[in-house]
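Using my numbering, read the sequence shown as starting at 1 and increasing by one per residue.
Take a look at the structure set out below.
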Amino acid sequence: MDNLVEIKGLTIEFPMRAGTLKAVNQADFSIPRGQITALVGESGSGKSTLASAVMRAVTSPGRIAAGTIRFDGEDILALSRKQLQAYKWEKASMVFQAAQNALNPVVRIKDQIIETYRAHRSSASEKQIVDKARDLMDYVRLEPDRVLQAFPYELSGGMKQRVMIAFSLLLDPQLVILDEPTTALDVITQAYIFDILVKIHKEMDITMLLLTHDIGVVAKAADRVGVMYAGNIVEAGSVYDMFKRPKHPYTAKLMKAVPSLYDDLSERKAIPGSPPDLLRMPPGCPFAPRCEHAFDACRKASPSRVVWPGGHEASCHLHPDSQTVSIAEVRTS
Ligand code: SF4
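Shown next as structure tokens:
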């Protein structure tokens, strides 16, 4: 598989008074080029922290304690400040949760776009930038004349979110990361924005990483999915494999638990219990206290990752190591 991003052994820690919190624990994860990859999990599972690391934007006191992140083969953890400035926005951009609040309320959208663009390409003329901005506003189905002249407070939440999506495309990145891009919007606007994102992905050939809790959106939009639980990637694979043949009990429960824009709410069933306290992780498998299949080994040792041909992988003692094939074998298949 041709991966644009490859993450290996990534551990992100937050030192706290009560101990060290591992928000991401030895994560291996890849984002295939030209696809939409979704990362799902409950709040606090670590998906936003992992995505922030791809943008080299883990906030203090958090720190990357171990692991590597490669973008198109380049180690982004080793980038200099100057290289990092070129990486962000021009190679990878991110629309953060509630990103609309990132807009300066007292500066017109047009002026914010010009300022961002010139921070990277200082020689661009105003006409070049405005022409580009107009195209992008069209793309996200906003009226360029009205929106570019507007102040953020004159726009609705859905419009501001579409402005932020346009911002993320401004410098033609290869990868766009979207963290819960429709949170706090009404369901009609959510569906509308997801349609726009799929169109952007297809027509602009942009690789996307979508962080979402909406399993229905994953089924509709994504090609590949990773599932996070308590800082661990517990399963990853194609959308088809994950929905038809989930290998990890948490994935199977999650698929049936989370309400979606696109399906029947009466079939939803909550997962009993709650995720573990990341400062007091149980020994063994982190899902063991909530897992109906747990047995002795689950409470003693962390399960190792098992990889099936085709790239479907899961960490669960229900799957013995004898089924494991090497990662190299999978990547070349
Ligand atoms: Fe359940 Fe054990 Fe698998 Fe964890 S390792 S998900 S506790 S069966």
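For every residue, glycine included, the Cβ atom is placed at its ideal position computed from N, Cα and C.
Beta-bridge partners assigned by DSSP to G237: V225. In this model, L279 and S123 are separated by some 49 Å (Cα to Cα). Between the C-alpha atoms of Y240 and P276 there is a straight-line separation of about 29 Å. By the neighbour-count definition (other C-beta atoms within 10 Å, threshold 16), R146 is an exposed residue. Beta-bridge analysis with DSSP links K8 to T68. Every alpha helix (DSSP H) of 4 residues or more that sits fully in the region 105-140 is shown, in chain order, as 109-120 and 126-139. Residue list for the ligand SF4: P249, C285, F287, A288, C291, H293, A294, C298, P303, C316, H317 and L318 (CB closer than 5 Å to any heavy atom, chain order). Separation of the CB atoms of T37 and Q26 is rounded to 19 Å, and the pair is thereby denied contact status at 8 Å. A166 is the residue among G158, A166 and H201 whose C-alpha sits nearest the C-alpha of P144. Contact between the region 118-138 and the region 43-53 is not established, with fewer than three Cβ pairs separated by less than 8 Å. Per DSSP, the unbroken alpha helix (DSSP H) holding T251 starts and ends at P249 to A257.
Nearest Cα to R63 within the set E90, V95, S168 and P15: P15. Taking the Cα positions, C298 is about 15 Å away from V306. The region 89-100 makes contact with the region 170-179; the number of CB pairs closer than 8 Å reaches 3 or more. With contacts defined as CB atoms closer than 8 Å, H120 and L171 qualify as a contacting pair. For A92, the three-state secondary structure derived from DSSP is strand.
Beta-bridge analysis with DSSP links K22 to E13.
If you draw a straight line from the Cα of V40 to the Cα of S60, it is about 24 Å long.
According to the DSSP assignment, M204 belongs to the alpha helix (DSSP H) that extends over V187 to M204. For L148, there is no enclosing beta strand (DSSP E); the residue is part of the alpha helix (DSSP H) that begins and ends at P144 to Q149. Fewer than three pairs of CB atoms, one per stretch, sit closer than 8 Å, so the region 199-217 makes no contact with the region 281-288. Cα atoms of G19 and G231: separation of roughly 16 Å, rounded to the nearest angstrom.
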